[in-house]
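> Counting with my numbering, you get residues 8 to 210 for the letters of the sequence shown.
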Amino acid sequence: MLHTLRYLSLRENTMPRVPAHPIEPLFLHRWSPRAMSGEAIAEADLLRLFEAARWAPSCNNSQPWRFLYARAGTPSFATFLDLLVPGNQAWCQRAGALLCVVSKNTFDNGTASPTPVLDTGAAWVSLALQGSTQGLVVHGMAGFDYDRAKTALRVPEDHSVHAMVAVGHPGRREDLPPHLQGREEPSDRKPVSSLIFEGGFPE
Numbered sequence: 008m009l010h011t012l013r014y015l016s017l018r019e020n021t022m023p024r025v026p027a028h029p030i031e032p033l034f035l036h037r038w039s040p041r042a043m044s045g046e047a048i049a050e051a052d053l054l055r056l057f058e059a060a061r062w063a064p065s066c067n068n069s070q071p072w073r074f075l076y077a078r079a080g081t082p083s084f085a086t087f088l089d090l091l092v093p094g095n096q097a098w099c100q101r102a103g104a105l106l107c108v109v110s111k112n113t114f115d116n117g118t119a120s121p122t123p124v125l126d127t128g129a130a131w132v133s134l135a136l137q138g139s140t141q142g143l144v145v146h147g148m149a150g151f152d153y154d155r156a157k158t159a160l161r162v163p164e165d166h167s168v169h170a171m172v173a174v175g176h177p178g179r180r181e182d183l184p185p186h187l188q189g190r191e192e193p194s195d196r197k198p199v200s201s202l203i204f205e206g207g208f209p210e
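#1: Do residue 123 and residue 185 have their C-beta atoms within less than 8 Å of each other?
#2: Quick check: what's the CA-CA separation for residue 64 versus residue 182?
#3: Would residue 192 be called buried (16 or more neighbouring beta carbons within 10 Å of its own) or exposed?
#4: Might you give, ordered along the chain, the residues of its own chain that have their beta carbon closer than 6 Å to the beta carbon of residue 152, omitting 5 neighbours on each side?
#5: Could you check whether residue 187 and residue 37 sit closer than 8 Å to each other, using their CB atoms as the reference points?
#6: Excluding the 5 residues preceding and the 5 following residue 159 in the sequence, name in chain order all residues of the same chain whose CB lies nearer than 6 Å to its CB.
#7: Between the alpha carbons of residue 10 and residue 146, how many angstroms are there, rounded?
#8: Please state whether the Cβ-Cβ distance between residue 167 and residue 110 is less than 8 Å.
#9: Report yes if the CB atom of residue 102 is closer than 8 Å to the CB atom of residue 130, and no otherwise.
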């Protein structure tokens, strides 16, 4: 029940999304808020996100995704927060956890994998959807120092860093920096017709 209430509160006072074709509601309810309460994330709640990611599809079932994480209040949290650009630090300081999304670029036998980015993206969206159904804020970011992340988080040479993610319990829009308060709404999407091409790209 608590997760359901948080799920509903995450969507309060937001613009409704309307699909052009019938889809499951969980895809419309997932979005990327920034307002978080600063409340700690329980380890068990984080493990549910990682468990959802675990079941994503991957080439040869290689599961190349890796999620590095730090929960608020732990020594590693400051390290993760320091990797973000200042604009993201301003609101991520109220996150319950910060994640770094990484992929392993080789199979276990050492040969190059052709699809680690695709597979890791599938795991990321699984994590994001699970977080949404739990009533959590899950917000992915490219605004951080990729090179420093590789060093600070001890990422192996045959791995690639792709994104960072803030996870937290929903907070108040009013607690965001003023320039972000007006952006705290679910965004629309480009029409399907602009993204698909039967038979290949137009000549």
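Every residue gets a Cβ at the ideal spot worked out from N, C-alpha and C, and that includes glycine.
By the coordinates alone:
#1: no
#2: 38 Å
#3: exposed
#4: 90
#5: no
#6: 86
#7: Low per-residue confidence applies at residue 10: pLDDT is 46, beneath 50, and the placement is therefore not dependable enough to give any value.
#8: yes
#9: no
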